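Asks:
Structure follows, in structure tokens:
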């Protein structure tokens, strides 16, 4: 019973899948523990984040400044980002990847109550630098009802 | 430090795991963007869906008709299906798989409020046709309290 | 387009990732269907669970006793444990692993209403015994707001 799946063009290997999920597991621990510098280090030096409200942070420095400004929001809550349906599209072998995923955000207060932010679709471009993955671009889309004719 | 896991009978390889997760990542993007025909195309021509209320759709045509009828429900909300604990059991190598998973459904309205549908366990039979996976059968079970003696 | 990722020290292979996820998919089905003995069997005989309130169960026997005592809590609800951001760190090849993950718990009542418990970070030590993974230690941390200076 061989499970040797012919790696069709665009087929994502198990190793790459595990690597990408591991990368995000690390990145999200950093953002959720408010390790701002550590989070910024998971981006390229010129990394870009486009938030769902259109606000754009270009480069690690702007990213760090923006996150410091947002800190008061998380003074009394534990924020957690949850991902699902990660879709990986190799652009240049394993050295550049388009990755998109569903995202849900929970805010837990000290009394144990959870609130949910809106759900999002996130589109990333990951690139490999000295062997490790970094985010070069992140575009965050707030989910919207589909327009029906 | 070798990670060569002896592939025991029934052991799921990383490649197959990644392929199945990628398949669902695509299928769910289609259902959640109300791409009804695109969603139906991820099933075999004679694919069957048994909903948790017992309603049964047999074949792509019935599936498409049922989904068109349900569209008004999603006029003002963005629906998202979230999966977890995907369990893959090869039936016939990589050409027929029993797959089950937890499912959670969120409904996001225009104001950013989230509602949750009940949680479900879904049992699929996936089959490989011309290299790609398709769903031949889906049975959706609404989670129920366990009867205690 | 080769996806051959050089397996750096600590790099998790696709096979190991799939195996760990499959292990948890099985373990969570057991706990969520209140299959107490089946759940205990996914631990080593001397397995330890440290709950977020400090309560400690040492060995399968204590684990089973504690779970039987908790059963009334689940008389009218279906509990489901959801995981994300699984991070696997091989300690001794594939025979001993440190694994941590986010966890969310839903409680679904008969009317279809969902409640959420607090979110958690769980830290496990998994060990391989006769080929299969077992949990030797589980420490559950309730998520807390980060202390800001």
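Protein chains in written order, with the UniProt record's numbering: chain A, 1 to 149; chain B, 1 to 149; chain C, 1 to 149.
Glycine included, C-beta positions come from ideal geometry on N, C-alpha and C.
Remember, it's a predicted structure, so these values are computed and weren't measured experimentally.
1. Of all the CB atoms in chain C, is at least one closer than 9 Å to the CB of residue 77 of chain A?
2. To be precise: take each residue of the stretch 99-113 of chain C, compare its Cβ to all Cβ atoms of chain B, and keep it if any distance is under 7 Å. Which residues remain?
3. Helix, strand or coil for residue 105 of chain B, going by three-state DSSP, please let me know.
4. Spatial neighbours of residue 74 of chain A within its chain, please: CB distance less than 7 Å, with the 5 preceding and 5 following residues excluded, ordered by chain position.
5. Nearest-angstrom Cα distance between residue 21 of chain A and residue 82 of chain C?
6. With 8 Å as the limit, tell me which residues of the stretch 9-25 of chain B have their beta carbon closer than that to any beta carbon of chain C; keep them in chain order.
7. Do you know offhand how far residue 107 of chain B's Cα is from residue 63 of chain B's?
8. Leaving out the 5 sequence neighbours to the left and right, which residues in its chain are closer than 6 Å to residue 89 of chain C when beta-carbon positions are compared?
9. Taking 9 Å as the cut-off, decide whether the C-beta atoms of residue 125 of chain A and residue 147 of chain A are in contact.
10. Considering only the alpha carbon of each residue, which of B:138, B:87, B:143 lies closest to residue 19 of chain B?
11. Starting from the beta carbon of residue 134 of chain C, find every residue of chain B whose beta carbon is closer than 9 Å, and list them in chain order.
12. Closest to residue 55 of chain A by C-alpha separation, out of A:39, A:144, A:140, would be which residue?
13. Excluding sequence positions up to five away, which residues of its chain have a Cβ less than 6 Å from the Cβ of residue 38 of chain B?
14. Do residue 136 of chain C and residue 52 of chain C come within 9 Å of each other at the CB atom, strictly closer than that value?
15. Can the beta-carbon of residue 48 of chain B be found closer than 9 Å to that of residue 66 of chain B?
16. As a quick exercise: from A:36, A:134, A:69, A:77, pick the residue whose alpha carbon is nearest that of residue 110 of chain A.
17. Using the C-alpha atoms, what's the distance from residue 25 of chain B back to residue 134 of chain B?
18. Tell me whether residue 186 of chain C sits in a helix, a strand or coil according to DSSP, three-state version.
19. Quick check on this structure: which residue in B:61, B:132, B:117 has the alpha carbon closest to the alpha carbon of residue 36 of chain B?
20. Under three-state DSSP, which class holds residue 7 of chain A?
21. For residue 16 of chain B, which residues does DSSP report across the bridge?
22. Pick helix, strand or coil for residue 2 of chain C, following the three-state DSSP scheme.
23. Have a look at residue 45 of chain B and residue 138 of chain C and give me their C-alpha separation to the nearest angstrom.
24. With a threshold of 7 Å on Cβ separation, who are the neighbours of residue 17 of chain B within its own chain once the five nearest residues in sequence on each side are excluded?
25. Does residue 149 of chain B come out as helix, strand or coil in the three-state DSSP assignment?
26. Helix, strand or coil: which one does DSSP assign to residue 51 of chain B?
27. Give me the subset of the stretch 68-94 of chain A whose CB atoms are less than 9 Å from a CB atom of chain B, sorted by chain position.
Replies: Result, derived from the coordinates:
1. Within the first chain, residue 77 of chain A is the residue found at index 77, counting from 1. Closer than 9 Å to some Cβ of chain C, the Cβ of residue 77 of chain A qualifies, so yes.
2. 106, 108, 110, 112
3. Position 105 of the second chain, counting from 1, holds the residue named residue 105 of chain B. Residue 105 of chain B: strand per DSSP, three-state reduction.
4. Locating residue 74 of chain A in the first chain gives position 74, where the first residue counts as 1. Hits under 7 Å: 34.
5. Taking the first chain and counting its residues from 1, the one referred to as residue 21 of chain A is at position 21. Taking the third chain and counting its residues from 1, the one referred to as residue 82 of chain C is at position 82. Roughly 16 Å between the two C-alpha positions.
6. 11, 12, 13, 14, 15, 16, 17, 18
7. For the purposes of this step, residue 107 of chain B is identified with residue 107 of the second chain, where counting begins at 1. For the purposes of this step, residue 63 of chain B is identified with residue 63 of the second chain, where counting begins at 1. One C-alpha to the other measures close to 21 Å.
8. Here residue 89 of chain C refers to the residue found at position 89 of the third chain. Cβ within range, chain order: 98.
9. As a first step, residue 125 of chain A must be located in the first chain, where it is residue number 125. As a first step, residue 147 of chain A must be located in the first chain, where it is residue number 147. No; because the gap between Cβ atoms is not below 9 Å, this pair is not in contact.
10. Within the second chain, numbered from 1, the residue matching residue 19 of chain B stands at position 19. Closest option to residue 19 of chain B, Cα to Cα, is B:87.
11. As a first step, residue 134 of chain C must be located in the third chain, where it is residue number 134. Near residue 134 of chain C there are no residues of chain B at all, since even the closest Cβ is about 15 Å away, more than 9 Å.
12. Residue numbering aside, residue 55 of chain A sits at position 55 when the first chain is read from its first letter. Per the Cα distances, A:140.
13. Sequence index remark: in the second chain, residue 38 of chain B carries index 38 (1-based). Cβ neighbours of residue 38 of chain B beyond the five flanking positions: 30.
14. In the third chain, the residue the question calls residue 52 of chain C occupies position 52. In the third chain, the residue the question calls residue 136 of chain C occupies position 136. No, the Cβ-Cβ distance between residue 52 of chain C and residue 136 of chain C is not below 9 Å.
15. On the second chain, position 48 is the one that residue 48 of chain B refers to. On the second chain, position 66 is the one that residue 66 of chain B refers to. No; because the gap between Cβ atoms is not below 9 Å, this pair is not in contact.
16. The residue you call residue 110 of chain A lines up with position 110 of the first chain. Nearest C-alpha to residue 110 of chain A: A:77.
17. On the second chain, position 134 is the one that residue 134 of chain B refers to. On the second chain, position 25 is the one that residue 25 of chain B refers to. Between residue 134 of chain B and residue 25 of chain B, the C-alpha separation is close to 13 Å.
18. Residue 186 of chain C lies beyond the range of chain C shown here (1 to 149); nothing can be said about it.
19. By one-based count along the second chain, residue 36 of chain B stands at place 36. That would be B:61, whose Cα lies nearest to the Cα of residue 36 of chain B.
20. In the first chain, the residue the question calls residue 7 of chain A occupies position 7. For residue 7 of chain A, the predicted structure reports a pLDDT of 41, less than 50, and the residue's modelled location is therefore unreliable. The matter cannot be settled from this model.
21. Here residue 16 of chain B corresponds to residue number 16 of the second chain, with the count starting at 1. Paired residues: none, contrary to the question.
22. Sequence index remark: in the third chain, residue 2 of chain C carries index 2 (1-based). In this prediction, residue 2 of chain C has a pLDDT of 38, which is less than 50 and means its spatial position is unreliable; nothing more can be read from the coordinates.
23. In the second chain, the residue the question calls residue 45 of chain B occupies position 45. In the third chain, the residue the question calls residue 138 of chain C occupies position 138. Taking the straight line joining both Cα atoms gives about 46 Å.
24. On the second chain, position 17 is the one that residue 17 of chain B refers to. Setting aside the 5 residues that flank it on each side, residue 17 of chain B is surrounded in the same chain by 88, each with a C-beta closer than 7 Å to its C-beta; the list follows chain order.
25. For the purposes of this step, residue 149 of chain B is taken as residue 149 along the second chain, with counting starting at 1. Coil, per DSSP.
26. Position 51 of the second chain, counted from the first residue, corresponds to residue 51 of chain B. In the three-state reduction of the DSSP assignment, residue 51 of chain B falls in the coil class.
27. Those would be 82, 84, 85, 86, 87, 88, in chain order.
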